[in-house]
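If you count by the numbering used here, then the sequence shown holds residues 68 to 317, one letter each, in order.
Here the structure comes first, spelled out in structure tokens, and everything after it is commentary.
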Amino acid sequence: MDAKTYPLQEILKPERRYVIPTFQRDYEWTRKGQWELLFDDLATTADRLIDVRTSGDEGSKLKTREQSISPHFLGAIVCASLPFATGGVALRSVIDGQQRLTTIQLLIRGLLDVLTETGSERAKSVRRMLFNPDDVVEAPDEIYKLWPRRKDREVWPSAMGDPVPNNGADHLYLDARRYFAEASRDYALVDDEIDPTRLAALADAVSSLFKLVVIDLDENDDAQVIFEVLNGRQTPLSAIDLVKNLLFLR
């Protein structure tokens, strides 16, 4: 197994899919429990980026200062490679961290709604974190970077697709997308108008400054056993706990 830290754009932009296996629990994160905290973290990170960009620095000095901004760590996910066709989209099974990864996708989808409706130049780049290119997919569902458990696969295309689901649609995925779109819009509003620089800061923060620890299992690791070890406690595991527990399994 191998553990490395990556910004979200390096995890999500390559042509790959993250598949949630059947033994994972239902999606349970909520607005008061996790969504608001996650967006608050994004807003704080975007604020730091805006502070640097409005400091008056230019050129290489500005770039250096942006690169020195402290990232925000989102925790860890545990993945295992799955077989895939030569030349096809790479497949990864999400052994642990599906609540986190699913919520990240819904946050990005909500942000993309606002980027698209305002004609932001960041929309194309952010969209690549949600969808694989049409020319590399062989089946309709392969376009999605994340593919949920079987019971949620009917609603996921609505949660990711266009247009935005109406308020009458009832599912946590749809609620999360609507919440993150509303929160992104509110963050970018200045004097009742969307400020493109604030919206761009949100997009850049989520792409480059939000980071995950990705723990990749190899063929000698038993994914089912590892899942049971990681989820055998009553209290949530931190990223450090995940790494420690996995190392003890070696």
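Heads up, the beta-carbon is just placed ideally off N, CA and C, and yes, glycines get one too.
- Residue 139 is not a Cβ neighbour of residue 247, given a cutoff of 7 Å.
- Inter-residue distance for residue 75 and residue 185 is about 23 Å (C-alpha atoms, whole angstroms).
- Annotated three-state conformation of residue 103 is helix, per DSSP.
- The Cβ atoms of residue 269 and residue 197 do not sit closer than 7 Å to each other.
- A straight-line Cα-Cα distance of about 8 Å links residue 215 and residue 88.
- According to the DSSP secondary-structure assignment, residue 211 is paired through a beta bridge with 198.
- Within a 10 Å sphere around the beta-carbon of residue 253 sit fewer than 16 other beta-carbons, which makes this residue exposed.
- Inclusion of residue 267 and residue 189 in the CB contact set at 7 Å is warranted, their separation being smaller than that value.
- Shown here, residue 148 sits in a strand according to DSSP, grouped into three states.
- Between residue 203 and residue 77, the C-beta spacing is not below 7 Å.
- The stretch 260-284 contains, as complete beta strand (DSSP E) runs of 3+ residues, the segments 277-284 (chain order).
- Cβ neighbours of residue 149 within its own chain (closer than 6 Å, five residues either side excluded): 158, 160.
- By the neighbour-count criterion, in which 16 or more other beta carbons inside 10 Å mark a residue as buried, residue 90 falls on the exposed side.
- Residue pairing by DSSP places residue 140 opposite 278 in a beta bridge.
- For residue 230 and residue 238, the gap between their C-alpha atoms comes out near 16 Å.
- Secondary-structure assignment with DSSP links residue 69 through a beta bridge to 283.
- Ranking 272, 147, 123, 110 by CA distance to the CA of residue 84 puts 147 first.
- When secondary structure is reduced to three states using DSSP, residue 224 falls in the helix class.
- Of the other Cβ atoms in all chains shown, fewer than 16 fall within 10 Å of the Cβ of residue 137; this residue is therefore exposed.
- Under the 10 Å beta carbon count, residue 205 is surrounded by fewer than 16 other beta carbons and is classified as exposed.
- Taking all protein chains in view, the Cβ of residue 166 is crowded by 16 or more other Cβ atoms within 10 Å, so the residue is classified as buried.
- The beta carbon of residue 132 sits closer than 8 Å to those of 119, 122, 124, all from its chain and outside the five residues before and after it, given in chain order.
- Within 10 angstroms of the beta-carbon of residue 209 lie 16 or more other beta-carbons, which makes it buried.
- Residue 87: not part of any alpha helix (DSSP H); DSSP gives it neither H nor E.
- Linking residue 68 to residue 258 through their CA atoms gives a straight-line distance of about 50 Å.
- DSSP, read as helix, strand or coil, puts residue 161 in strand.
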